[in-house]
Amino acid sequence: GRASNVGNSGGAHDGLATRTNGVPSNGPPAPEQVHDRPRVLLAEDEPLTRALLQDWLTERDFDVIAFEDGAQARSFLSAFAERGAWPVIDLVFTDLAMPELGGMELLRYIHSVRPQTPVVLMTAFADLASRAEASELGAAAYLEKPIDLEQLTAVTTAVLQAPGARDCGPGWRQPAREQ
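Add 442 to a position in the sequence shown, counting from 1, and you land on the number used in this note's numbering.
Below is the structure:
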């Protein structure tokens with residue numbers, strides 16, 4: 443599997459360049475690092491859906507870090523967490539059902555380390571039990587596939603403009619600095 447840092451001109455302008463296995467190649471950025479574009483982590487095992495979401499987000503000037511499954515995304519995040527840092531991630535989109543590590547498990551991991559990171563779960567197999575569990579775990583949203591682009595726009599806008607978010611540009615937010 444591999445990670446791709448889509449829409450990142452130059453690739454390493456902020457210390458988040460990645461190798462093909464998703465592990466940072468030049469170490470984590472300083473926690474206080476300010477980024478100029480909102481950054482989205484995308485975990486989606488279906489190649490066409492992943493490519494469509496990457497394109498949609500990139501066209502809207504998001505910096506996208508995409509992974510083929512939840513295990514790769516967790517490995518990427520763990521590489522930072524083990525160093526006492528956390529990458530600047532403004533929003534996470536994750537598929538619910540993926541091999542090795544699903545979206546619910548990724549949501550649990552992210553919120554155990556960085557509870558303020560908004561996570562949006564996406565699924566083609568929506569049911570009341572998973573919707574309730576996602577809500578209990580603090581998911582920012584639960585979207586059913588096929589993804590409706592108007593709903594995706596509304597959710598993305600609402601999450602990035604949530605009260606309490608620190609602005610790093612119009613409509614964007616930067617996670618709070620670690621103390």
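C-beta: ideal position from N, C-alpha, C; glycine also.
Every unbroken beta strand (DSSP E) inside the region 482-514 [3 residues or more]: 505-509
Let me make sure I understand the geometry here. Which of D487, D569, T565 and A581 has the alpha-carbon closest to that of A513?
Mapped onto the sequence shown, residue 513 falls at position 71. Comparing Cα positions, the closest option is D487.
Quiz item: Where does S572 land, buried or exposed, given buried means 16+ other C-beta within 10 angstroms?
Solution: The sequence position of residue 572 within the sequence shown is 130, counting from 1. S572 comes out buried.
- Is the beta carbon of A485 less than 8 Å from the beta carbon of G545? Walking along the sequence shown from the start, residue 485 turns up at place 43. Walking along the sequence shown from the start, residue 545 turns up at place 103. A contact, by the Cβ cut-off of 8 Å.
DSSP bridge partner residues for A583 (one or two, in chain order)
The residue labelled residue 583 in the question sits at position 141 within the sequence shown. DSSP output for A583 lists V562 as bridge partner(s).
- prompt: Taking the Cβ atom as the reference point for each residue, do L549 and A508 lie within a distance shorter than 8 Å?
  reply: The residue labelled residue 549 in the question sits at position 107 within the sequence shown. The residue labelled residue 508 in the question sits at position 66 within the sequence shown. No, they are not a contact pair.
Practice task
Provide the residue(s) that pair with V534 in DSSP beta bridges, ordered along the chain.
Solution key: On the sequence shown, residue 534 is found 92 positions in, with the first residue counted as 1. Answer is L483 and V561.
Output needed for L579: all residues of its chain with C-beta closer than 8 Å, excluding positions within five of it in sequence on either side, in chain order.
Position 137 of the sequence shown, counted from the start, is the residue given in the question as residue 579. For L579, where only same-chain residues beyond five positions count, the Cβ hits under 8 Å are M546, L549, R550 and H553.
- Query: What distance in whole Å lies between the Cβ atoms of P560 and V601, which are believed to be in contact at a cut-off of 8 Å?
  - Reply: Indexing the sequence shown from 1 puts residue 601 at position 159. Indexing the sequence shown from 1 puts residue 560 at position 118. About 5 Å; that satisfies the 8 Å criterion.
Where E524 falls: helix, strand or coil (DSSP): Within the sequence shown, the letter at position 82 stands for residue 524. It is coil, neither helix nor strand.
- Give the single residue among E575, L519, V530 and D532 whose Cα lies nearest to the Cα of L538. The count along the sequence shown starts at 1 and reaches residue 538 at position 96. Taking only the C-alpha atoms, the option nearest L538 is E575.
Quiz item: Does the Cβ-Cβ distance between T536 and M564 come in under 8 Å?
Solution: By one-based count along the sequence shown, residue 536 stands at place 94. By one-based count along the sequence shown, residue 564 stands at place 122. Contact: yes.
Notebook entry, point to check: How about D532 and V482: do their beta carbons lie closer than 8 Å?
Noted result: The residue you call residue 532 lines up with position 90 of the sequence shown. The residue you call residue 482 lines up with position 40 of the sequence shown. Yes.
>> Assuming contact is defined by CB atoms lying nearer than 8 Å, are L585 and V562 in contact in what I supplied?
In response: For the purposes of this step, residue 585 is taken as residue 143 along the sequence shown, with counting starting at 1. For the purposes of this step, residue 562 is taken as residue 120 along the sequence shown, with counting starting at 1. Yes; because the gap between Cβ atoms is below 8 Å, this pair is in contact.
### Message
Once the 5 residues before and after R502 are set aside, which same chain residues still bring their CB inside 7 Å of it?
### Response
Residue 502 sits at position 60 when you count from the first residue of the sequence shown. Excluding residues within five positions, none has a Cβ falling inside 7 Å.
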